[in-house]
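Below you'll find the structure, written out as structure tokens, and then a few comments.
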Amino acid sequence: MTAADAMSIARIRAAMIGAAPTGRWFEDLAAYLVDGLARGEDMAGFAVGGPDERLISVALGTIYQAPPGPTYTGRTGYVHLVLTDPDHRQRGHAAAVMAALLAWFWEQDCGLVSLTASADGIPLYRKLGFEDNVGSMRLLRP
Numbered sequence: 001m002t003a004a005d006a007m008s009i010a011r012i013r014a015a016m017i018g019a020a021p022t023g024r025w026f027e028d029l030a031a032y033l034v035d036g037l038a039r040g041e042d043m044a045g046f047a048v049g050g051p052d053e054r055l056i057s058v059a060l061g062t063i064y065q066a067p068p069g070p071t072y073t074g075r076t077g078y079v080h081l082v083l084t085d086p087d088h089r090q091r092g093h094a095a096a097v098m099a100a101l102l103a104w105f106w107e108q109d110c111g112l113v114s115l116t117a118s119a120d121g122i123p124l125y126r127k128l129g130f131e132d133n134v135g136s137m138r139l140l141r142p
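If you count by full-length UniProt numbering, then the sequence shown holds residues 1 to 142, one letter each, in order.
What follows is the structure, encoded as structure tokens:
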């Protein structure tokens, strides 16, 4: 995927979360995607297109450097988005884009890949080898 795909990714994201594809959040998301995909060094996305050339499934990830540990270099991949148009689910598209994204992470020498899974995504991620991380927590700014 390239920066030219940013608006399509943003529209799929809006549809998946039930939000209108308008406003500051949408503009910020599109700008973030354009910038990251144009740089290409620490962000990559993979997609499946439908017969009408519209994107129907997307996986997007970034790489960051975490503190190294005894078992890995600290080069870490994070899966930000895995989206599939509801009309095209259960056809292997998410598995295909995730396989491509994971291959890219390994090619970039990432020693760890993490993500936050939705309930719908958990079976796929487990099938791909992801394990539950019981100690993971988060805090959203009030």
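Beta carbons: idealized from backbone N, C-alpha and C, even for Gly.
Closest residue to L101 among L115, A10 and G61 (Cα-Cα distance): Ranking the options by Cα distance to L101, first place goes to G61.
Sequence-distant residues of the same chain with beta carbon closer than 8 Å to N133, five excluded per side: Cβ-Cβ distances below 8 Å link N133 to S114 in the same chain, with the five nearest sequence neighbours on each side left out; the list follows chain order.
Cβ contact check for the segment 36-46 and the segment 18-26: 3 or more pairs under 8 Å: Because the criterion of three Cβ pairs below 8 Å is not met, the segment 36-46 and the segment 18-26 do not touch.
Given A96 as reference, the closest of P70, S118 and G45 once Cα atoms are compared: The residue among P70, S118 and G45 with its C-alpha nearest the C-alpha of A96 is G45.
Beta-carbon spacing of Q108, I56 below 7 Å: No Cβ-Cβ contact shorter than 7 Å links Q108 with I56.
Cβ contact check for the segment 81-98 and the segment 47-55: 3 or more pairs under 8 Å: Because the criterion of three Cβ pairs below 8 Å is met, the segment 81-98 and the segment 47-55 touch.
Where Y64 sits in the DSSP three-state scheme: Strand at Y64.
S136 burial status per 10 Å Cβ neighbour count (16 or more: buried): Under a 10 Å Cβ-count criterion, S136 is classified as exposed, with fewer than 16 other Cβ atoms of the shown protein chains found around its own Cβ.
Three-state secondary structure assigned by DSSP to V113: Here V113 sits in strand by DSSP.
Distance CB(M98)-CB(A47) smaller than 7 Å: Not in contact: M98 and A47 (Cβ atoms no closer than 7 Å).
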